[in-house]
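Read the structure below first, then the notes.
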Amino acid sequence: MTKNRFLMNLTWELKNLFRFPFPEILLALFTYMVFRPNPGLFTSSFESLSWPGATSYLTFNSAYHTAFYSVSAYLPMAILASIFATLVFAYEIENGLLKVHFSHPTSRRAIFSSKFLSCFLIVFVTLSCSLLFFVFLYIPENNLYLIINSRLTLSILLPAALESFFIVSLTVSFSIFSRRASISLVGSFATVYIIQLLSQTENLTFLPPAAFYWHVEFLFSHTGPKLSALPNFLVLPIVSTLLTIISYIYFSRRLELS
Amino acid sequence: MNKARFMLRIGVCVIIIGLTILLANITGSEGGIGSTTFSISSNGTWFELVAPLRSGPHEIRIGAPQAFRGTVYVFNYEGMRLLTEGTKLPILEENIQGSTLIDFTINRRGAYLIMIQSNVSTQIEGSLGIVDKGRISYDLIFDSMIIITIGTAITILAITPRIPHSNRLNKAT
Numbered sequence: 002m003t004k005n006r007f008l009m010n011l012t013w014e015l016k017n018l019f020r021f022p023f024p025e026i027l028l029a030l031f032t033y034m035v036f037r038p039n040p041g042l043f044t045s046s047f048e049s050l051s052w053p054g055a056t057s058y059l060t061f062n063s064a065y066h067t068a069f070y071s072v073s074a075y076l077p078m079a080i081l082a083s084i085f086a087t088l089v090f091a092y093e094i095e096n097g098l099l100k101v102h103f104s105h106p107t108s109r110r111a112i113f114s115s116k117f118l119s120c121f122l123i124v125f126v127t128l129s130c131s132l133l134f135f136v137f138l139y140i141p142e143n144n145l146y147l148i149i150n151s152r153l154t155l156s157i158l159l160p161a162a163l164e165s166f167f168i169v170s171l172t173v174s175f176s177i178f179s180r181r182a183s184i185s186l187v188g189s190f191a192t193v194y195i196i197q198l199l200s201q202t203e204n205l206t207f208l209p210p211a212a213f214y215w216h217v218e219f220l221f222s223h224t225g226p227k228l229s230a231l232p233n234f235l236v237l238p239i240v241s242t243l244l245t246i247i248s249y250i251y252f253s254r255r256l257e258l259s
Numbered sequence: 428m429n430k431a432r433f434m435l436r437i438g439v440c441v442i443i444i445g446l447t448i449l450l451a452n453i454t455g456s457e458g459g460i461g462s463t464t465f466s467i468s469s470n471g472t473w474f475e476l477v478a479p480l481r482s483g484p485h486e487i488r489i490g491a492p493q494a495f496r497g498t499v500y501v502f503n504y505e506g507m508r509l510l511t512e513g514t515k516l517p518i519l520e521e522n523i524q525g526s527t528l529i530d531f532t533i534n535r536r537g538a539y540l541i542m543i544q545s546n547v548s549t550q551i552e553g554s555l556g557i558v559d560k561g562r563i564s565y566d567l568i569f570d571s572m573i574i575i576t577i578g579t580a581i582t583i584l585a586i587t588p589r590i591p592h593s594n595r596l597n598k599a600t
């Protein structure tokens with residue numbers, strides 16, 4: 002019963018967020034950011050490689066570059082995630098729609114999960130679409146190898162998922178704690194933007210978006226993931242999880258609607 | 428959401444992706460530069476660099492001591508395959524001395540191998556830069572047109588009214 006209510010809520014939320022033209026706008030922005038020409042170089046030693054080895058290396062590098070360019074979608078993602086989080090949480094709290102949700106025989110956990118998941122899915126699915134288009138158009142000769150080597154495709158999607166998870170958890174937390182649509186919208190975007198500025202100007206690599214490059218480096222290391230790079234890799238997922246748990250606890254136990 | 432509407436949304440999304448790729452290609456054609464350093468040990472040895480390049484005019488900038496003499500090769504994807512089999516079939520081959528600029532044009536984006544072979548007996552350290560001179564990539568425009576066409580086809584299919592099954596039966600009888 003609870004599972005059905007969760008699915009019903011999720012369907013409803015997804016219908017709300019996936020209505021025209023939200024995904025289309027996201028797709029356009031992400032595709033533009035990913036497809037902007039970014040000159041880059043990579044080296045390889047062909048003298049000791051066989052052709053299968055060389056193609057595998059080229060495919061690996063093409064996937065690596067795609068994952069790297071996914072970070073360039075950080076700012077549009079932050080703007081739109083803050084809008085979605087505001088629409089789904091703060092706006093509904095402010096105008097009393099959430100009271101209607103609570104009046105149904107649905108647990109708060111199901112409501113929170115469906116709302117959070119819908120916010121995450123719209124950002125992640127659209128970014129993934131853009132990245133997959135990019136990787137298949139980047140070096141067209143590699144396409145067959147990319148299809149065969151599904152691990153690489155998953156390695157492209159994992160940084161995108163971590164990026165989406167971080168931004169959604171931050172914007173949702175802002176939205177739930179602020180309770181006001183305007184504060185949530187401006188506050189969450191300002192926070193994400195300030196974090197980006199700090200990361201760039203002060204060269205703080207543990208902050209996003211620079212930290213997302215660590216994720217890519219960790220996942221696409223030629224010698225395999227290094228244990229020494231694990232703390233850098235884990236900082237943002239842990240922060241995102243903590244933010245989600247805190248938001249969930251506040252939403253399910255402390256949130257009082259007047 | 429019914430099937431036709433879902434197809435319509437998919438079609439619109441594909442058109443938007445195609446249009447955005449086209450726009451990114453047109454507005455982002457200002458070019459760029461990527462560079463690295465290299466070290467070649469002695470006569471006959473070489474330095475290799477594989478770079479993903481867009482189509483259009485490019486320039487290879489080699490910074491090396493005046494005493495350096497060597498040969499620069501550029502291989503496309505097929506050339507790389509042949510190279511691993513032992514056949515050298517570059518799209519560009521040029522003898523160089525010291526610091527040199529080499530212009531070349533690529534017709535199709537993809538991975539290219541740039542190889543600098545040393546013809547001197549001493550160890551040489553230098554720099555290699557690849558300049559994308561910035562021009563609209565016609566191959567990417569062509570690919571985005573294909574994507575837009577596919578999107579349009581999906582959209583048209585979605586909005587084309589379906590003949591109800593009962594009507595088809597009536598026509599047959």
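If you read the sequences in order, they're chains W and H.
For the first sequence, my numbering gives the first residue as 2, with consecutive numbering after it.
For the second sequence, my numbering gives the first residue as 428, with consecutive numbering after it.
Even for Gly, the Cβ is constructed at its ideal location relative to N, Cα and C.
Item	Value
So with CB distances below 8 Å, who are the chain W contacts of residue 450/H?	33
For residue 572/H, count the other beta carbons within 10 Å of its own beta carbon; 16 or more makes it buried, fewer makes it exposed. Which is it?	exposed
Does any residue of chain C have a CB that is nearer than 8 Å to the CB of residue 508/H?	Included in the structure are the protein chains W and H, with no chain C among them.
Starting from residue 167/W, trace the alpha helix (DSSP H) both ways and give me its first and last residue.	151 to 179
Would you list, in sequence order, the uninterrupted alpha helix (DSSP H) runs of no fewer than 4 residues that lie entirely inside the stretch 541 to 594 of chain H?	565 to 586
Name the chain H residues whose beta carbon is nearer than 7 Å to that of residue 260/W?	The first residue shown for chain W is 2 and the last is 259, placing residue 260/W beyond what the model contains.
Just list the residues that DSSP pairs residue 529/H with in beta bridges.	487/H
Going by the beta-carbon positions, is the gap between residue 568/H and residue 445/H smaller than 8 Å?	no
For a test of the three-state rule: what should DSSP assign to residue 492/H, helix, strand or coil?	coil
What residues in the stretch 511 to 525 of chain H have a beta carbon less than 8 Å from any beta carbon of chain W?	511 and 512
Got a sec: which bits of the stretch 126 to 149 of chain W sit with their beta carbon under 8 Å from any beta carbon on chain H, in order along the chain?	130, 131, 134, 138, 139, 140, 141, 142 and 143
Classify residue 207/W as helix, strand or coil using the three-state DSSP reduction.	coil
Could you name the residues that DSSP lists as bridge partners for residue 522/H?	498/H
Assign residue 465/H to one of two classes, buried (16 or more other C-beta atoms within 10 Å of its C-beta) or exposed (fewer than that).	buried
Along the chain, where does the beta strand (DSSP E) containing residue 477/H start, and where does it finish?	473 to 480
Which residue from 120/W, 202/W and 157/W puts its Cα closest to that of residue 171/W?	120/W
Of all the CB atoms in chain W, is at least one closer than 8 Å to the CB of residue 484/H?	no
Classify residue 149/W: buried if its beta carbon has 16 or more other beta carbons within 10 angstroms, exposed otherwise.	exposed
What are the residues that DSSP puts in a beta bridge with residue 464/H?	554/H
From 549/H, 521/H and 503/H, pick the residue whose C-alpha is nearest to that of residue 489/H; which is it?	521/H
Please identify, using Cβ separations under 7 Å, the residues of the stretch 453 to 480 of chain H that lie next to chain W, in order along the chain.	455, 459, 460, 461, 463, 475, 476, 477, 478 and 479
Under a CB-based cut-off of 8 Å, is residue 575/H close to chain W?	no
With a CB to CB cut of under 8 Å and the five nearest residues on each side skipped, what residues in its chain are close to residue 238/W?	163, 166 and 167
For the ligand NAD, is there any heavy atom lying closer than 7 Å to the beta carbon of residue 516/H?	This structure simply doesn't include the ligand NAD, nor any ligand for that matter.
According to DSSP, is residue 458/H helix, strand or coil?	coil
Exposed or buried, residue 27/W, counting other C-beta atoms within 10 Å across all chains shown (16 or more means buried)?	buried
Here's the rule I'm using: 16 or more other beta-carbon atoms within 10 Å means buried, otherwise exposed. How should residue 540/H be labelled?	buried
So with CB distances below 9 Å, who are the chain H contacts of residue 63/W?	479 and 538
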